[in-house]
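Visitor: In the numbering used here, the protein residues as written are 10 to 66.
Here it is in structure tokens:
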């Protein structure tokens, strides 16, 4: 499938995110803007912006 797990919940070991090895796609299943801090997941937004900019060349 080309998918790999990128995020795992530390409390119950469920999958919280994955990314594709070849395609420009990733997903997460939590509120990335919420706690523990507003900048802790900033890299996800940066990654998304980079993917959009690369797509539109």
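Note that beta-carbon positions come from the ideal geometry of N, C-alpha and C, so glycine has one too.
Can you tell me whether DSSP reads residue 25 as helix, strand or coil?
Guide: Here residue 25 is taken as the residue at index 16 of the chain shown, counted from 1. DSSP places residue 25 in the strand class (E or B) of the three-state scheme.
Visitor: Mind checking who residue 17 pairs with in its DSSP beta bridge?
Guide: Locating residue 17 in the chain shown gives position 8, counting from the first residue. Bridge partners of residue 17: 24.
Visitor: If you follow the alpha helix (DSSP H) that residue 62 is in, where does it begin and where does it stop?
Guide: Stepping through the chain shown from its first residue, residue 62 is reached at position 53. Element bounds for residue 62: 51-65.
Visitor: Can you tell me whether DSSP reads residue 34 as helix, strand or coil?
Guide: Translated into the one-based positions of the chain shown, residue 34 becomes position 25. Coil.
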